Amino acid sequence: GAGVSQTPSNKVTEKGKYVELRCDPISGHTALYWYRQSLGQGPEFLIYFQGTGAADDSGLPNDRFFAVRPEGSVSTLKIQRTERGDSAVYLCASSLPGAISYNEQFFGPGTRLTVL
Amino acid sequence: QQQVKQSPQSLIVQKGGISIINCAYENTAFDYFPWYQQFPGKGPALLIAIRPDVSEKKEGRFTISFNKSAKQFSLHIMDSQPGDSATYFCAASRGTYKYIFGTGTRLKVLA
Numbered sequence: 001g002a003g004v005s006q007t008p009s010n011k012v013t014e015k016g017k018y019v020e021l022r023c024d025p026i027s028g029h030t031a032l033y034w035y036r037q038s039l040g041q042g043p044e045f046l047i048y049f050q051g052t053g054a055a056d057d058s059g060l061p062n063d064r065f066f067a068v069r070p071e072g073s074v075s076t077l078k079i080q081r082t083e084r085g086d087s088a089v090y091l092c093a094s095s096l097p098g099a100i101s102y103n104e105q106f107f108g109p110g111t112r113l114t115v116l
Numbered sequence: 001q002q003q004v005k006q007s008p009q010s011l012i013v014q015k016g017g018i019s020i021i022n023c024a025y026e027n028t029a030f031d032y033f034p035w036y037q038q039f040p041g042k043g044p045a046l047l048i049a050i051r052p053d054v055s056e057k058k059e060g061r062f063t064i065s066f067n068k069s070a071k072q073f074s075l076h077i078m079d080s081q082p083g084d085s086a087t088y089f090c091a092a093s094r095g096t097y098k099y100i101f102g103t104g105t106r107l108k109v110l111a
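Residue numbers (this note's numbering), protein chains in the order written: chain A, 1 to 116; chain B, 1 to 111.
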């Protein structure tokens, strides 16, 4: 079956612009996660959705970052007033219900964001 | 307390050799320890995972050894193959939603 898909695969933008990154989880997965992976580093947790609600957004670095999942499936990560330091690969993952259930997270291929 | 320290940063192994990657954590609340494999341009994929109620878990050529008292765990890849060349990340979490990843180990297996 189809895995987690992310679009676009690459995004180049200018400092100060607004960007949206999209994630399509595996069908039936109610849990969805966003991570950010800087060059040479491990993924860093940003936000976790269970259904439509953000159950944990403690990893969002500041209020320029926002994510939604209005129908409990597709999610969009939104970054306002982009900065050069936002350049990274943004990974999305999905799973059956998360938290204490120990279900595997399946990762998408990521969106490489470059802020010039 | 939230860090997971991973070593070595890079590793070169001959084909057929054993690859060993080590991780250490501080937070004793962590109760799930997965290892992920990542190829260039791809997302991480789960390789093997362990919970602290066992000291070792083996799946094929991959083994996790877990030392709860030392707060350390390691990945052993037996009979390493060129196709195993990738970046490996350890992670730790409480439950499975908020992984704290290590910094990664770039493994190269020479043919």
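Ideal Cβ placement from N, Cα and C applies to all residues, glycine included.
These figures come from a predicted structure and were not determined experimentally.
Beta-carbon proximity of residue i to residue j, cut-off 9 Å
i, j, result
"B:Leu75", "B:Cys90", "yes"
"A:Val74", "A:Leu113", "no"
"B:Gly62", "B:Tyr25", "One point to set straight first is that residue 62 of chain B is Phe, not Gly, in the sequence displayed. No, these two residues do not count as a Cβ contact at 9 Å."
"A:Ser58", "A:Phe49", "no"
"B:Tyr36", "B:Ser93", "no"
"A:Val115", "A:Ser94", "no"
"A:Lys15", "A:Glu83", "yes"
"B:Lys68", "B:Ser55", "yes"
"A:Lys11", "A:Arg81", "no"
"B:Gln2", "B:Ile64", "no"
"A:Trp34", "A:Leu96", "no"
"A:Ser38", "A:Gly108", "no"
"A:Thr52", "A:Pro70", "yes"
"B:Gly95", "B:Val4", "no"
Buried/exposed call for residue i, threshold 16 Cβ in 10 Å
i, result
"B:Asp124", "Residue 124 of chain B is absent from the model: chain B starts at 1 and stops at 111."
"B:Ala29", "exposed"
"A:Ile47", "buried"
"A:Leu91", "buried"
"A:Thr7", "exposed"
"B:Ile12", "exposed"
"A:Gly28", "exposed"
"B:Lys58", "exposed"
Whole-angstrom C-beta distance between residue j and residue i, which should lie under 8 Å
i, j, result
"B:Gln6", "B:Thr105", "6 Å"
"A:Phe106", "A:Gly3", "6 Å"
"B:Val109", "B:Lys15", "6 Å"
"B:Ile50", "B:Phe66", "5 Å"
"A:Thr30", "A:Gly72", "7 Å"
Subject >> Continuous beta strand (DSSP E) assignments of at least 3 residues falling wholly in the stretch 40 to 115 of chain A >> reply: 44 to 50, 53 to 56, 65 to 68, 75 to 79, 88 to 95, 111 to 115
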